[in-house]
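Visitor: Residue numbers (the numbering used here): 4 to 325.
Cβ atoms here follow ideal geometry from the backbone N, Cα and C, with glycine treated the same way.
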C-alpha cells in the first residue's frame with residue numbers, strides 16, 4: 004500500500020493534497036499496489052469524501068484531538084496507520100506540516116526519508132527521487148535503499164488529477180497518549196495579507212523594494228490582486244523591512260509558487276527570489292530598471308515606473324470588469 008496524507012483547510016482539501024494523490028497514483032502503478040488516502044482532523048468527513056473522488060480508498064481519523072495540527076498527534080496517527088496497512092511508502096506534502104511530521108514518522112518506522120522531492124521512480128528494490136538544491140541550480144538524485152520509505156513532495160510540481168474515482172471511506176480510530184497531547188494550541192491568528200493563499204493561487208501579484216514602502220502594497224498591489232482574485236507575494240527584502248508578513252515571502256527562504264500568471268512589480272529578480280517562482284507559467288515584470296535580472300525570467304516586460312503603470316493597469320481591469 005501507499006499511504007497519502009492529505010492536508011486540508013477550512014473544510015476543503017488543499018491543492019497539495021490533490022498533487023499528492025496524483026504522485027501516489029503514479030507510484031502505486033509502478034509498485035503494483037493500492038494508493039490509500041488519509042484524512043486527519045475533527046469534522047472532516049466531507050474532506051474524506053472529496054478525496055475519495057481521486058483515490059480508490061480513503062481512511063479517516065475524525066477525532067477532537069486532531070482539531071488542531073500538532074506534530075505529536077499527527078505522527079502517532081500516521082505511524083499507526085502506516086503499520087496497520089502496511090504502507091510501503093508514506094507520502095506527505097513538503098509543507099510546514101509535512102516537513103515537521105515526516106522526520107518523526109520516519110524515525111518511528113525506522114524508514115529512510117526523502118524530503119522535498121520533485122519526482123519519484125522505482126529503481127529495483129529501492130526508490131529513487133530527484134530534488135532541487137543550490138537555489139534550484141542543481142538537481143540531486145537521492146535514493147531510499149529500502150522500503151518502507153517516507154517521502155515529502157515539493158508543492159506545485161505534480162499536475163492536478165482528474166476526479167475519476169468513487170472510492171470507499173473507512174473510519175479508523177487512534178488512541179492518543181498523554182505524550183501526544185503535551186502541546187496545546189493557545190491561539191490562532193489569521194495572517195494579514197491577501198485573501199487567497201499563495202500555494203493555492205492561480206494568479207500571484209508580487210511586490211519588491213521598487214514599490215518604495217508598505218504604502219506601495221496598499222495602493223498598488225492589493226487593489227490589483229483584489230481585481231484578479233490573486234495571492235499577494237513579496238521578496239525577502241520587503242519582508243525584512245517589515246512591509247509585509249513572512250507568510251507572503253516567496254523565494255529560497257520562503258514559499259514556492261507555480262501560478263498560471265505571476266506579476267512582478269518593482270521586483271529586481273535576485274536569484275533567491277527566482278528560485279521560488281521560476282515554475283510560474285507566465286511571468287510579467289514591471290520595473291524601471293531595464294537591466295533588472297527579473298526581465299531575463301519574464302515572458303513579458305514593461306520598463307517603467309510601477310507607480311504610474313500599475314494604477315493604469317488596475318483602472319483598465321476595473322473598467323473591463325464593469
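1. Can you check the region 94 to 123 for any alpha helix (DSSP H) of at least 4 residues that lies completely inside it and give the ranges in chain order?
2. Are the beta-carbon atoms of residue 95 and residue 12 separated by less than 8 Å?
3. Can you tell me the Cβ-Cβ gap for residue 213 and residue 269, rounded? I've got them flagged as a contact below 8 Å.
4. Just verifying my parser: in three-state terms, what is the DSSP assignment at residue 144?
5. At the level of alpha carbons, what is the spacing between residue 20 and residue 9?
6. By the DSSP assignment, the beta strand (DSSP E) with residue 209 in it spans what residues?
7. Indicate the three-state DSSP secondary structure (helix, strand or coil) for residue 75 in the structure shown.
8. Taking only three categories from DSSP, how would you classify residue 66?
9. Would you kindly work out how many angstroms separate the C-alpha atoms of residue 325 and residue 264, rounded to a whole number?
10. Would you give the residue range spanned by the alpha helix (DSSP H) that residue 52 belongs to?
11. Checking 8 Å against the spacing of the C-beta atoms, do residue 62 and residue 175 come in under that value?
12. Which same chain residues, not among the five before or five after residue 106, have their C-beta less than 7 Å away from its C-beta?
13. What residues match up with residue 5 in a beta bridge as DSSP calls it?
14. Terminal residues of the continuous alpha helix (DSSP H) containing residue 288?
15. Taking only runs of the alpha helix (DSSP H) that begin and end inside the region 239 to 268, which ones reach a length of at least 4 residues, in chain order?
16. Once the 5 residues before and after residue 146 are set aside, which same chain residues still bring their CB inside 6 Å of it?
17. Going by the DSSP bridge assignment, what does residue 61 pair with across the sheet?
18. Count the CB pairs spanning the region 180 to 190 and the region 245 to 258 that are closer than 8 Å, and state whether there are at least three.
19. Classify residue 112: buried if its beta carbon has 16 or more other beta carbons within 10 angstroms, exposed otherwise.
20. If we call anything under 8 Å between Cβ atoms a contact, is residue 261 one with residue 209?
21. Using the three-state DSSP reduction, which class does residue 15 fall into: helix, strand or coil?
22. Judging by CA-CA distance, which residue of 109, 93 and 172 is the nearest neighbour of residue 53?
23. Whole angstroms are fine: how far does the CA of residue 179 sit from the CA of residue 79?
24. Any idea what DSSP makes of residue 187, helix, strand or coil?
25. Is the CB-CB distance between residue 108 and residue 82 below 8 Å?
26. Please state whether DSSP places residue 128 in a helix, a strand or coil.
27. What are the boundary residues of the beta strand (DSSP E) that residue 304 is part of?
28. Between the beta-carbon of residue 223 and the beta-carbon of residue 110, is there less than 8 Å?
29. Sort 91, 90 and 119 by Cα distance to residue 103 and report the nearest one.
Guide: Here's the rundown:
1. 99 to 112
2. no
3. 2 Å
4. strand
5. For residue 20 and residue 9, the distance between alpha carbons rounds to 5 Å.
6. 206 to 210
7. helix
8. coil
9. Residue confidence is low: residue 325 scores 48 on pLDDT, short of 50, so the model does not pin down where it sits. No coordinate-derived value is stated.
10. 48 to 54
11. yes
12. 116
13. 38 and 92
14. Looking at the DSSP string, residue 288 is not in any alpha helix (DSSP H); the run it does join, the beta strand (DSSP E), is 285 to 290.
15. 239 to 243
16. Apart from sequence neighbours up to five positions away, the residues of its chain that approach residue 146 with a beta-carbon distance below 6 Å are 129 and 131, ordered along the chain.
17. 40 and 172
18. In this structure the region 180 to 190 does not touch the region 245 to 258; the number of beta carbon pairs closer than 8 Å is below three.
19. buried
20. no
21. strand
22. 172
23. Between the C-alpha atoms of residue 79 and residue 179 there is a straight-line separation of about 7 Å.
24. Residue state, collapsed to three classes: coil.
25. Taking 8 Å as the Cβ cut-off, residue 108 and residue 82 qualify as a contacting pair.
26. coil
27. 303 to 306
28. no
29. Looking at the Cα atoms, 119 is the closest of the given residues.
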